[in-house]
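For the sequence shown, the working numbering assigns the number -14 to the initial residue and increments by one for each residue that follows. We treat Cβ as the ideally placed atom computed from N, Cα and C, and that holds for glycine. Being a predicted model, the structure only gives us computed values, none of them experimental.
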Amino acid sequence: MSENRNNENLVTLLVNQTRGYLDISSKRELWQDISSEFNGKFSIGHNSGNELELLKITIPYQNLEIKLTESDTKPLKVGISFKSRTNYELIIGYEDFFEKLLKLLGKRDVEIGYEQFDEKYLVQSNDREITKKILTQEVLSSFIKYEVYSLAYTTDSKNQTAELISVISRTIDEKSAMVDLIQLHMRICDYLKELNIVE
């Protein structure tokens, strides 16, 4: 195998993982455009040595803020904070070999009934019925289409707050994909409100 082929394989591996270096400076215009479309606030940050760049958008949605970040070394991440009404938990992630082994040993997860999704993801929740209402066919299809690595909705019962954080493929560089992902998170927020999980 040629050295160029090896280099291409290495770049592909790095880009498609949640770690590794990927110059995101070419995404600045896209992120500015997305921010304008959603009436958000766009900013560019750097680390202390000024070697690494961080892109950030904060989008107002109802009484919430949807925060998107991506850096040269970290993938696209979406974060949303809530005032919680119930102690609901939801964790979704790629089902790797170790997790499959744990399932065989009795670790329970929620089977959604959408084969393409169930084969790829492990879903854990403290309320199976609510989870099935949130994970509609549309949401599941978006997870697969955009290679969402993980989503975690966790509740801090003591402070009556909750946080949703999702980590997405590093290959998102088209406006239509960014818009779809933002709208996906808006739909999830809507479901959480409709189900009286958050204020």
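{"Check": "Would you call the segment 93 to 108 and the segment 49 to 68 touching, i.e. three or more CB-CB distances under 8 angstroms?", "Outcome": "no"}
{"Check": "What residues in its chain sit with their C-beta under 7 angstroms from that of D8, if we drop five residues either side in the sequence?", "Outcome": "D57"}
{"Check": "Using CA atoms only, rank isn't needed, just tell me which of T156, Y106 and E22 is closest to Y46.", "Outcome": "E22"}
{"Check": "Quick one, are the C-beta atoms of S154 and L136 less than 8 angstroms apart?", "Outcome": "no"}
{"Check": "I'd like to confirm the pairing. Which residues does DSSP put opposite I44 in its beta bridges?", "Outcome": "I51"}
{"Check": "So for Y176, helix, strand or coil by DSSP?", "Outcome": "helix"}
{"Check": "State the Cα-Cα distance for the pair K118 and T156, rounded to the nearest angstrom.", "Outcome": "29 angstroms"}
{"Check": "When you compare each of Y106, L39 and V124 to I77 by their alpha carbons, which one comes out closest?", "Outcome": "Y106"}
{"Check": "Just grab the DSSP bridge partners of T146 for me.", "Outcome": "K68 and D141"}
{"Check": "Short check: CB of T54 to CB of L37, under 8 angstroms?", "Outcome": "no"}
{"Check": "Beta-carbon within less than 6 angstroms of I19's beta-carbon, same chain only, minus the 5 sequence neighbours each way: which residues are those?", "Outcome": "M163"}
{"Check": "Do N72 and S142 have their C-beta atoms within less than 8 angstroms of each other?", "Outcome": "yes"}
{"Check": "Pick from T116, N35, I167 and Q122: whose alpha carbon is nearest that of L202?", "Outcome": "The question about residue 202 has no answer here: the residues shown for the chain are numbered -14 through 184."}
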